[in-house]
Structure formats: structure tokens, C-alpha cells
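J.: Shown below is the structure under consideration.
Shown next as C-alpha cells:
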């Protein structure tokens with residue numbers, strides 16, 4: 237039995253947190269006894285506790301509080317943990333200091349490239365990442381990345397290539413019934429023949445949601461019966477609303493806020509659009525592919541690994557006109573739209589299932605335990 241302690245910051249519920257919930261649901265109970273430690277009480281802790289998984293809160297006074305380091309070391313000892321697996325640089329730096337003696341192996345997952353910050357925030361991020369990379373080099377037994385471009389970047393930064401393992405994010409099978417499309421569109425007051433294009437993500441600069449508004453303006457000129465659904469919240473929502481009003485799109489763009497039931501939203505959608513400046517392997521795209529909803533996105537980060545080789549789904553990076561042109565073509569060709577939906581589902585089934593992700597992760601755990609035995 238693998239006694240596994242997962243550690244994450246837990247301040248919000250986004251990609252990392254969704255991954256952890258998916259992982260904990262998929263781990264085989266006859267092989268893994270998982271627990272979770274967080275530094276913030278929030279939705280992640282609540283959802284994991286609801287699964288029946290023990291959750292521990294690690295009190296922290298400062299960012300890399302020595303007291304928190306001691307508390308992690310004590311928790312590992314008291315729970316008889318066999319492997320610690322961190323998610324996010326904060327968790328990894330603290331855990332690496334707690335496990336510096338090497339007796340309990342440490343694994344970390346890198347979920348994406350660092351978000352670009354300027355000024356003082358940028359300097360602080362550089363320091364945090366330097367500490368994280370040092371932990372990877374000195375303490376971590378394995379560094380898991382969710383996309384190949386992240387593996388290449390870490391190797392260039394001096395993380396030993398033999399430590400790095402690419403494991404794509406995965407999701408369980410699609411469970412929504414076909415009838416849900418009609419129910420979901422009814423709840424959103426969408427006409428049966430209307431087109432629905434969804435944007436899912438934090439309304440923050442890294443996701444470039446303002447580019448989605450410009451995209452919607454371009455697409456609307458060709459397909460005026462399209463409704464644009466924005467699922468997410470963040471500091472750029474007010475600016476988005478102003479731009480929507482300036483472009484005369486108010487009747488056509490709907491801000492839904494945080495959407496917990498993604499299955500229902502995607503059942504109503506004809507297309508998912510990403511406008512991100514960079515990405516790892518975004519869960520919004522995986523959820524859409526699983527549901528048979530085509531994804532149109534820029535060729536940044538891990539998106540070429542997700543959609544590469546599928547015709548008409550990737551645009552050049554940061555080119556909203558080309559992105560809109562791809563969407564216009566798809567939305568104007570219903571047979572091709574359906575074919576693209578089947579293609580993304582086949583790609584999902586081939587590469588991005590939760591079962592495949594868990595089996596590869598268990599392989600990493602088994603290798604490490606054999607090394608330290």
C-alpha cells in the first residue's frame with residue numbers, strides 16, 4: 237500500500253485543484269492510501285474532504301514559514317507517509333525543506349509555465365521559481381510535467397532530464413446524456429438553431445479574455461445568430477463588459493460567472509475557444525474534447541500537443557483574426573463541425589483519460605519506491 241501525501245496551496249479552485257480532485261477519485265483504493273495537506277482552507281479542502289480523504293491544514297505565518305516546514309515534517313512522520321507529491325512551487329519549496337534528509341521521497345508536478353509579471357511582482361516570482369528549481373534539482377526524485385514543452389524548459393534550466401517525466405492531465409469518461417443538450421440550451425435560453433461559443437477560464441491577463449471579446453466581434457459579423465458564453469470570473473470582467481458594450485455585443489455575450497457544472501455548459505456549446513497567452517494542458521479544453529465539442533485555440537504552450545494534427549483547430553499565437561477565421565469556417569459548416577467534434581473525442585480517448593494518467597503516475601511511484609527500498 238502506497239501511503240501518499242499530496243500537498244497544495246489550496247487558496248482557490250482552478251486547474252491544479254481540479255486535477256487533484258480528479259486524481260483522488262481515480263486512484264485505486266487497494267493500492268494507494270492518499271491524504272491531502274493544504275496551506276489555505278477553501279474549496280479544494282472541502283471537495284477532497286467530501287470524498288472521504290483525510291485533509292490536513294498546515295498553518296503558515298509567512299510564505300516559507302519555518303514553522304510550516306516543521307509541521308509538514310511532523311505530519312509526514314506521524315502519518316507514515318511513503319511518498320510526498322507536491323503541486324505548485326509554494327508546496328514544493330516547503331516540502332523540499334521538510335524532506336531535505338531524503339528519507340521520504342518527494343515528487344512534484346509542474347502544471348504550466350510561470351505567468352509573466354513585471355516590476356516587483358516579477359522579481360518575487362523569479363525568486364520563487366529559483367527556489368522551486370533548486371528543490372527539483374536537490375531533493376525531488378521525480379519532476380512530473382503535463383506537457384513536453386515544460387519538460388524541455390526545465391531541462392534547459394538545469395533540472396536533470398532523467399528526473400523529468402511527462403504525464404498528460406486526464407479526465408474520467410463523459411457522463412452527460414445526449415438529452416442534456418436540449419435541457420442545457422433551454423436553461424441558457426438558447427434557440428434550437430442558435431450557435432453557442434464558450435470561453436472558460438479565469439478573467440485574468442494570462443487567459444487574455446479581452447481578446448475573446450474581439451474574437452466575438454469578428455465572428456458575429458459572419459454568424460449573427462451566435463451567442464458567446466463566458467464562464468469564469470476575475471479582475472478583467474469589468475473591462476470586458478465595457479468593450480462588449482462599445483462593440484454593440486451586449487445581447488450576444490453572456491457572463492455566467494464561475495460555472496461548477498461544466499458538463500451542462502459544454503452540452504449546450506457548439507465550440508470552445510481559448511485565447512490564452514500561454515497554457516499547460518488546460519482542463520477546459522480536455523472537458524470540451526471529452527464532450528465532443530471542438531476546441532479552437534492559439535498554438536501556445538501545450539495546446540499543440542493537445543490539438544496538433546487536427547485540421548483547422550490551431551491558429552498562430554496571439555492572432556485573434558486567424559482564430560476567428562477558424563471559428564467562422566467551422567460554425568458555417570455543420571458537417572465539418574460534427575467531424576471535428578468526433579476527432580477531438582478520439583484524441584481525448586487516446587491520450588487524456590484519467591485511467592491512463594493514473595496508471596503512468598502509479599508507475600512513477602512504483603519506480604521510486606523500488607529505488608529507496
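In the numbering used here, the protein residues as written are 237 to 609. Note that CB positions come from ideal geometry on N, CA and C, so glycine has one too.
#1: In the DSSP assignment, the beta strand (DSSP E) including residue 292 goes from what residue to what residue?
#2: Whole angstroms is fine: what's the gap from residue 378's alpha carbon to residue 320's?
#3: In this structure, does DSSP put residue 589 in helix, strand or coil?
#4: On a Cα-Cα basis, can you pick out the residue from 490, 300, 500 and 241 that is closest to residue 314?
#5: Per DSSP, which one or two residues make a beta bridge with residue 243?
#6: Classify residue 318 as buried or exposed, calling it buried when 16 or more other Cβ atoms lie within 10 Å of its own Cβ.
#7: List the endpoints of the continuous alpha helix (DSSP H) containing residue 260.
#8: Does the Cβ of residue 644 have 16 or more other Cβ atoms within 10 Å, making it buried, or fewer, making it exposed?
#9: Going by the DSSP bridge assignment, what does residue 551 pair with across the sheet?
#10: Quick one: what's got a C-beta closer than 7 Å to residue 608's C-beta in the same chain, skipping five residues either side?
#11: Let me know if residue 194 comes out buried or exposed under the rule of 16 or more other beta-carbons within 10 Å of its beta-carbon.
#12: By Cβ distance, which residues of its chain are closer than 6 Å to residue 443, with the 5 residues on each side in sequence left out?
#13: Taking residue 658 and residue 274 to be in contact with their CB atoms under 8 Å, please state how far apart those CB atoms are, rounded to whole angstroms.
#14: Does the separation of the CB atoms of residue 334 and residue 366 fall below 8 Å?
#15: Using 8 Å as the limit for Cβ to Cβ distance, is residue 283 near chain B?
#16: Report back the beta-carbon spacing between residue 563 and residue 550 to the nearest angstrom; my notes put them in contact at under 8 Å.
#17: Under 6 Å Cβ to Cβ from residue 399, same chain only, skipping five residues before and after it: list those, please.
#18: According to DSSP, simplified to helix, strand and coil, what is residue 345?
#19: Rank 237, 268, 263 and 272 by C-alpha distance to the C-alpha of residue 253 and give the top, closest one.
#20: Is the separation between the beta-carbon of residue 489 and that of residue 464 shorter than 8 Å?
#21: Contact between the stretch 382-393 and the stretch 505-524 is defined here as three or more beta-carbon pairs at a separation below 8 Å; is this criterion met?
#22: For residue 380, which residues does DSSP report across the bridge?
T.: So, from the listed chains and residues:
#1: The residue given as residue 292 occupies position 56 in the chain shown. First-last of the beta strand (DSSP E) with residue 292: 291-293.
#2: The residue given as residue 378 occupies position 142 in the chain shown. The residue given as residue 320 occupies position 84 in the chain shown. So the two alpha carbons sit approximately 11 Å from each other.
#3: Position 353 of the chain shown, counted from the start, is the residue given in the question as residue 589. DSSP places residue 589 in strand when its eight states are reduced to three.
#4: Within the chain shown, residue 314 is the residue found at index 78, counting from 1. When 490, 300, 500 and 241 are compared, the shortest CA-CA separation from residue 314 is found for 241.
#5: Looking up residue 243 in the chain shown gives position 7. Its beta-bridge partners are 273 and 322.
#6: Mapped onto the chain shown, residue 318 falls at position 82. With 16 or more Cβ atoms within 10 Å of its Cβ, residue 318 is classed as buried.
#7: As a working mapping, residue 260 is identified with position 24 in the chain shown. Counting along the chain, the unbroken alpha helix (DSSP H) around residue 260 starts and ends at 251-262.
#8: For the chain, the structure presents residues 237 to 609; residue 644 sits outside this window and is missing.
#9: Here residue 551 refers to the residue found at position 315 of the chain shown. DSSP output for residue 551 lists 534 as bridge partner(s).
#10: One-based indexing of the chain shown puts residue 608 at position 372. Result list for residue 608: 341, in chain order.
#11: Past the boundaries of the shown model lies residue 194; the chain is included only from 237 to 609, so the question cannot be answered.
#12: Locating residue 443 in the chain shown gives position 207, where the first residue counts as 1. Answer for residue 443: 437 and 512, listed in chain order.
#13: Residue numbering for the chain in the displayed model covers 237 to 609; residue 658 lies beyond these limits and cannot be assessed.
#14: Residue numbering aside, residue 334 sits at position 98 when the chain shown is read from its first letter. Residue numbering aside, residue 366 sits at position 130 when the chain shown is read from its first letter. Result no, Cβ atoms of residue 334 and residue 366 do not sit closer than 8 Å.
#15: The structure shown has no chain B; it contains just one protein chain.
#16: Counting from 1 along the chain shown, the entry for residue 563 is found at position 327. Counting from 1 along the chain shown, the entry for residue 550 is found at position 314. Contact flag wrong, Cβ pair sits at about 12 Å.
#17: For the purposes of this step, residue 399 is taken as residue 163 along the chain shown, with counting starting at 1. So the qualifying residues of the chain are 378 and 379.
#18: Working through the chain shown from its first residue, we reach residue 345 at position 109. Strand, per DSSP.
#19: As a first step, residue 253 is located in the chain shown; it is residue number 17 there, counting from the start. Selected option, being the one with the closest Cα: 272.
#20: Position 253 of the chain shown, counted from the first residue, corresponds to residue 489. Position 228 of the chain shown, counted from the first residue, corresponds to residue 464. The answer is yes: Cβ separation under 8 Å.
#21: yes
#22: If you number the chain shown from 1, residue 380 lands on position 144. The partner list for residue 380 (beta bridge, DSSP) reads 345 and 401.
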